[in-house]
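A short write-up of the structure that comes next.
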Amino acid sequence: MGANPYMSSAHLRVNGYLYLHAVPVSVVSHLQWVVESMLTLSAPWSWTNQPLIPKSQKTFLTFRCNLDSLPKLVSDLYEFPNLFAEVIREPVSFGLGERWMITPVLGIKRVDTNELGNVVLDESVVLDSINTQDPTQIPERLAWAIGRPWDQALEPLRIASAATNTTLLASGS
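Numbering of the sequence shown is given in the numbering used here, commencing with residue 143 and proceeding in unit increments.
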């Protein structure tokens with residue numbers, strides 16, 4: 143008897159968001175090719191300058207893809223130099239979603255998320271974080287577990303993107 147194709151993660155289609163906060167202009171076309179080979183995009187590419195990082199651009203996309211293609215996408219994105227990005231998968235059937243954060247210095251961080259986008263930690267991760275001889279390390283270990291260093295690295299780029307979008311809306315562009 144064969145596997146149920148509806149239960150296979152290889153065939154499970156998911157929705158998500160791709161935030162490319164900063165991409166060097168020199169690799170934009172190659173990055174587009176990589177992304178388009180794995181995702182079904184819901185809108186065309188629309189790049190704008192990233193004001194905080196010279197010679198970089200940014201964009202936001204919604205997508206649909208097979209669940210099993212997301213780790214490969216994240217790995218491929220990480221290969222691009224000086225890339226700052228987030229890949230977010232919406233929760234499926236009352237389950238958890240996922241968020242991958244990518245920075246050149248910190249690398250890749252994957253976290254589970256609930257339907258509101260909050261990070262959800264597994265019990266074993268919490269226990270590992272608090273299992274230390276030095277209780278003063280607990281906040282740092284929990285911060286690392288929820289991806290706070292990545293959030294801190296990405297937040298200025300998120301704010302710059304939001305400010306640019308607000309300016310465009312106000313100008314009627």
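Even for Gly, the Cβ is constructed at its ideal location relative to N, Cα and C.
Pairwise C-alpha distance: A164 and I195
Each residue's Cα considered, the two are about 7 Å apart.
Roughly how many angstroms separate the alpha carbons of S184 and C207, rounded to a whole number?
Approximately 11 Å between the Cα atoms of the pair.
Considering only C-alpha positions, which residue in the set T245, A287, P223, A302 is nearest to D264?
In this structure, A287 is the residue among T245, A287, P223, A302 with its C-alpha nearest to the C-alpha of D264.
If we count the other Cβ atoms within 10 Å of its Cβ and call it buried at 16 or more, is E178 buried or exposed?
Answer is exposed; the Cβ neighbour count stays below 16.
Mind the definition here: the segment 151-160 touches the segment 230-242 only if three or more C-beta pairs lie below 8 Å; say whether that holds.
They touch, by the three-pair rule.
In whole angstroms, what separates the C-alpha of P166 from that of S211?
Approximately 24 Å between the Cα atoms of the pair.
Suppose you measure from the CA of F222 to the CA of P246; what does that come to, to the nearest Å?
Rounded to the nearest angstrom, the two C-alpha atoms are 9 Å apart.
Within 10 angstroms of the Cβ of I272, are there 16 or more other Cβ atoms? Answer buried if so, exposed if not.
That one is exposed.
For F205 and P186, I'd like the C-alpha separation in whole angstroms.
Spanning the alpha carbons of F205 and P186 requires a straight line of approximately 11 Å.
Nearest by alpha-carbon distance to K197: which of N224, L219, S188 is it?
Ranking the options by Cα distance to K197, first place goes to N224.
Does the beta-carbon distance from A295 to L248 come in below 8 Å?
Yes, the pair counts as a contact, with Cβ atoms nearer than the cut-off.
Local Cβ density within 10 Å of I301, reported as buried at 16 or more and exposed below that:
Around the beta carbon of I301, fewer than 16 other beta carbons lie within 10 angstroms, which makes this residue exposed.
Can V176 and D218 be called in contact, C-beta distance under 8 Å?
In this structure, D218 lies closer than 8 Å to V176 by Cβ.
Could you check the C-alpha separation between S188 and V267 for me, to the nearest Å?
So the two alpha carbons sit approximately 38 Å from each other.
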